[in-house]
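Just add 648 to the spot in the sequence shown (first one is 1) and you have my numbering.
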Amino acid sequence: LMREVNHRVKNQFSVIISMIRETSKLTSTPEAFLEQVRERIMALSESHDLLVNAEWRGATVGELIQAQLKAFAAQSRVSTAGPMVIL
């Protein structure tokens with residue numbers, strides 16, 4: 649169990665490092681960088697919460713997409729449609 653937890657934590661660190669790297673390419677000020685990284689990490693946290701709150705039974709793709717879009721303030725500009733798929 650601990651090996652699996654360690655593997656998942658390392659995966660999350662890799663995701664965060666990638667988010668930081670990509671965000672640094674898109675921001676022009678340290679303040680903007682900090683705000684965008686914070687928002688993206690919070691979105692990642694919300695996706696994790698969706699899975700935990702469902703007791704790891706899964707979350708729908710739609711719920712996860714909406715949680716991620718919050719970081720980009722793009723919810724009103726993007727619409728999703730399709731069958732409900734649980735991950």
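Glycine is no exception: its CB is placed at the ideal position from the N, C-alpha and C atoms. All values reported here derive from a predicted model rather than from experimental measurement.
Quick one: give me the first and last residue of the alpha helix (DSSP H) that R688 is part of. P678 to N701
Below 7 Å between beta carbons: does that hold for L698 and E711? Their beta carbons are under 7 Å apart, which means L698 touches E711 by this criterion.
Using the Cβ count rule (16 or more neighbours within 10 Å means buried), how would you classify A691? buried
Less than 7 Å separating the beta-carbons of L717 and V726? yes
Compare the Cα-Cα distances from M732 to each of G706, S693 and S724 and report the closest residue. G706
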